[in-house]
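Here the structure comes first, spelled out in structure tokens, and everything after it is commentary.
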Amino acid sequence: ATCCWQYGPDDTFVLRSRMALEAGAEITVSYLEEDDLVKGTDIRRQKLEMWRFWCACDRCQLEVDATRGFACPKCMAGTCFVARSGSTERMLPCTVCYSPVRQEDQKELMGYEKQYYDVLEGMEKADVPRIEEVRSCALQCFKQHWVVYQLEQWLIEKYRRDGQLLTEALLLAQRVLGFLNETSPWASHTLASAYETVGELLLTSGPQPLRKERYREAASYFERGYRVMSAICGDEGDGALLLRSKWASAQQNG
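Just add 390 to the spot in the sequence shown (first one is 1) and you have the working numbering.
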């Protein structure tokens with residue numbers, strides 16, 4: 391989607407662009423929640439079936455799905471991404487050892503993917519030991535994959551809510567941000583929130599008092615979050631103002 395709706399003053403709706411648009415370009419909006427937009431093309435199209443159309447946006451028509459990267463069955467170091475041609479899916483050779491994926495390995499890995507989707511659909515988000523267990527297993531077969539992203543998001547939320555394992559939460563937040571920048575780098579609340587989360591965890595994890603370098607690093611994340619948020623809700627939107635305040639505060643201490 392090139393644009394998104396925002397609430398404006400006096401109960402109005404404001405349509406804002408997520409990116410630079412050329413004159414005459416088609417304006418599109420997403421029918422999906424932002425949480426679903428980070429998932430694979432197959433899942434997104436499945437969720438759109440209720441709207442009775444087959445999405446043909448630029449992203450859904452990409453041959454390679456950047457959100458579905460599997461660990462190479464041979465070297466385990468590289469990533470094998472899923473490519474689609476029409477209704478046919480295949481795994482591309484490893485990004486490290488360049489080995490092709492055998493048909494039987496592809497079938498097995500895609501079967502695991504379906505199983506993980508079903509597990510996530512029924513998972514209790516407050517069950518941290520279970521989420522940690524599933525993530526540990528998922529890392530054995532996924533690399534850059536939305537399944538791992540979703541599990542890590544849940545862990546970050548729970549670790550922060552409990553005020554524990556904040557250093558681990560920071561590492562996970564940096565991984566989540568890296569995933570978003572690789573797979574969906576356009577302006578979104580999800581991306582702005584990811585920058586904000588890393589900035590906040592830089593200020594709350596690690597030994598206190600914080601060094602000035604830490605504040606400056608946090609300020610850089612708040613700034614990037616502010617830039618993203620202002621693109622989708624305006625410079626004076628509540629989300630943008632909050633991030634600008636955090637950016638200024640971190641700058642002052644750094």
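Built from N, CA and C at the ideal position, the CB exists for glycine as well.
R480 is the residue among G596, R480, M513 whose C-alpha sits nearest the C-alpha of L499. Residue L510 holds the alpha-carbon nearest to the alpha-carbon of L541 among R408, L510, G615, A584. Fewer than three Cβ pairs drawn from the region 557–567 and the region 489–504 lie within less than 8 Å of each other, which leaves the two stretches out of contact.
DSSP places Q642 within a helical segment (H, G or I) once states are collapsed to three. Under DSSP, S407 takes part in a beta bridge, and its partners are C393. Shortest Cα-Cα distance from T392 to any of D401, P399, A410, D400 involves A410. Under DSSP, H535 takes part in a beta bridge, and its partners are R458. When secondary structure is reduced to three states using DSSP, A446 falls in the coil class, being assigned neither helix nor strand.
With a threshold of 16 other beta carbon atoms within 10 Å, W536 meets it and is buried. Taking each of L632, S574, V588, L422 in turn and checking the Cα distance to L556, the smallest one comes out for V588.
Straight-line spacing of the CA atoms in S420 and K548 works out to 28 Å. Where E603 is concerned, there is no enclosing beta strand (DSSP E), although the alpha helix (DSSP H) around it starts and stops at 602–623.
Annotation note: the region 460–488 contains the following uninterrupted beta strand (DSSP E) runs of length 3 or greater, listed N- to C-terminal: 469–475, 478–481. In the structure shown, V518 falls within a helical segment according to DSSP collapsed to helix, strand and coil. Counting along the chain, the unbroken alpha helix (DSSP H) around D425 starts and ends at 424–427. Cβ-Cβ distances below 8 Å link A415 to T392 in the same chain, with the five nearest sequence neighbours on each side left out; the list follows chain order.
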